[in-house]
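> The structure follows.
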Amino acid sequence: MIYLASQSPRRQELLKQIGIPFQQLVCEIDEIPEVDESPEDYVCRMAKEKAQAGWTVMKARDLPEMPLLSADTSVVMGSKILGKPDNPEQACDMLLSLSGNCHAVMTAIAVTNGHKTIVRLSTTQVQMTPFDRARAEAYVATGEPSDKAGAYGIQGYGAILVESIRGSYSGVVGLPLQETADVLSEFGITPWHSL
Numbered sequence: 001m002i003y004l005a006s007q008s009p010r011r012q013e014l015l016k017q018i019g020i021p022f023q024q025l026v027c028e029i030d031e032i033p034e035v036d037e038s039p040e041d042y043v044c045r046m047a048k049e050k051a052q053a054g055w056t057v058m059k060a061r062d063l064p065e066m067p068l069l070s071a072d073t074s075v076v077m078g079s080k081i082l083g084k085p086d087n088p089e090q091a092c093d094m095l096l097s098l099s100g101n102c103h104a105v106m107t108a109i110a111v112t113n114g115h116k117t118i119v120r121l122s123t124t125q126v127q128m129t130p131f132d133r134a135r136a137e138a139y140v141a142t143g144e145p146s147d148k149a150g151a152y153g154i155q156g157y158g159a160i161l162v163e164s165i166r167g168s169y170s171g172v173v174g175l176p177l178q179e180t181a182d183v184l185s186e187f188g189i190t191p192w193h194s195l
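In C-alpha cells form, the structure reads like this:
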C-alpha cells in the first residue's frame with residue numbers, strides 16, 4: 001500500500017493497471033514556475049513539492065507511514081510550459097500552437113518515505129497532426145481539454161489529434177509506469193507482487 005498525492009483519475013487508473021494498492025491524499029500547492037527555471041527543473045520540483053505536501057498531510061492526520069507517490073505533468077513547446085487552459089478560447093489557442101508540431105510531455109514522479117525522496121523524469125516527444133480551428137473548437141466543446149496540461153488528453157478524444165509519440169504513452173497520460181515501478185521497487189514495493 002502507498003499513498004497517492006494526486007487527484008488525477010488517470011493516475012489512479014494507471015496505478016490500478018499495475019496492481020499497486022493506494023490510498024489517495026488530497027493536498028494543494030501553488031504551481032508557478034520560477035524565473036529562468038527550465039521545464040525539466042520545474043516539473044521535478046513540482047513533483048517533489050507535492051510529495052512533501054502529501055507527507056505533511058499524512059503526518060497531520062496521524063496516518064500510518066507508508067511510501068507516498070506524487071507526480072507532475074507539463075506540456076512543453078520549445079521552452080514554454082503549457083499548463084491547463086483557463087477557458088475554452090485559451091484551450092483553442094494552445095491546441096492550434098501544437099497543430100502539426102512536435103512537443104514534449106514531461107512527467108516527473110516523486111516517491112518519499114519521509115527519510116528519502118527519489119525523483120524521476122520521463123520525457124516523451126509527441127507529434128500532432130495538422131488541424132484547423134474548427135477541429136480544435138469541436139474538441140474543446142467536448143469539455144475534455146479543460147483540466148489537461150496542453151489542453152488535450154491522449155487517452156480520450158484527443159488521441160485523434162496525435163500523429164505519433166516517441167517515449168512513454170503512460171507518461172503522456174500522467175504517470176510513466178516503467179519509472180514508477182523502478183522507483184517504488186527502491187522502497188520495497190514491486191507491482192506484480194501486489195497482484
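In full-length UniProt numbering, the protein residues as written are 1 to 195. All residues carry an ideal CB built from backbone N, CA and C; glycine is no exception.
1. Answer yes or no: do Pro176 and Thr107 have a C-beta to C-beta separation smaller than 8 Å?
2. When the Cα atoms are used, what is the spatial distance from Ala134 to Ala181?
3. Can you tell me which of the three DSSP states Arg11 falls into?
4. Note down, one range per segment and in chain order, each beta strand (DSSP E) of at least 3 residues found wholly within the segment 26 to 105.
5. Give the DSSP-derived three-state secondary structure of Tyr152 in the structure shown.
6. Would you identify the three-state DSSP class for Leu175, choosing helix, strand or coil?
7. Measuring straight from C-alpha to C-alpha, what distance separates Ile81 and Met58?
8. Would you tell me roughly how many angstroms separate the C-alpha atoms of Leu195 and Glu40, rounded to the nearest one?
For this structure:
1. yes
2. 40 Å
3. Residue state, collapsed to three classes: helix.
4. 68 to 77 and 80 to 82
5. Looking at Tyr152 - three-state DSSP - the assignment turns out to be coil, as it is neither helix nor strand.
6. coil
7. 30 Å
8. A caution first: Leu195 carries a pLDDT of 49, below 50, which makes its placement in the model too unreliable to give a value.
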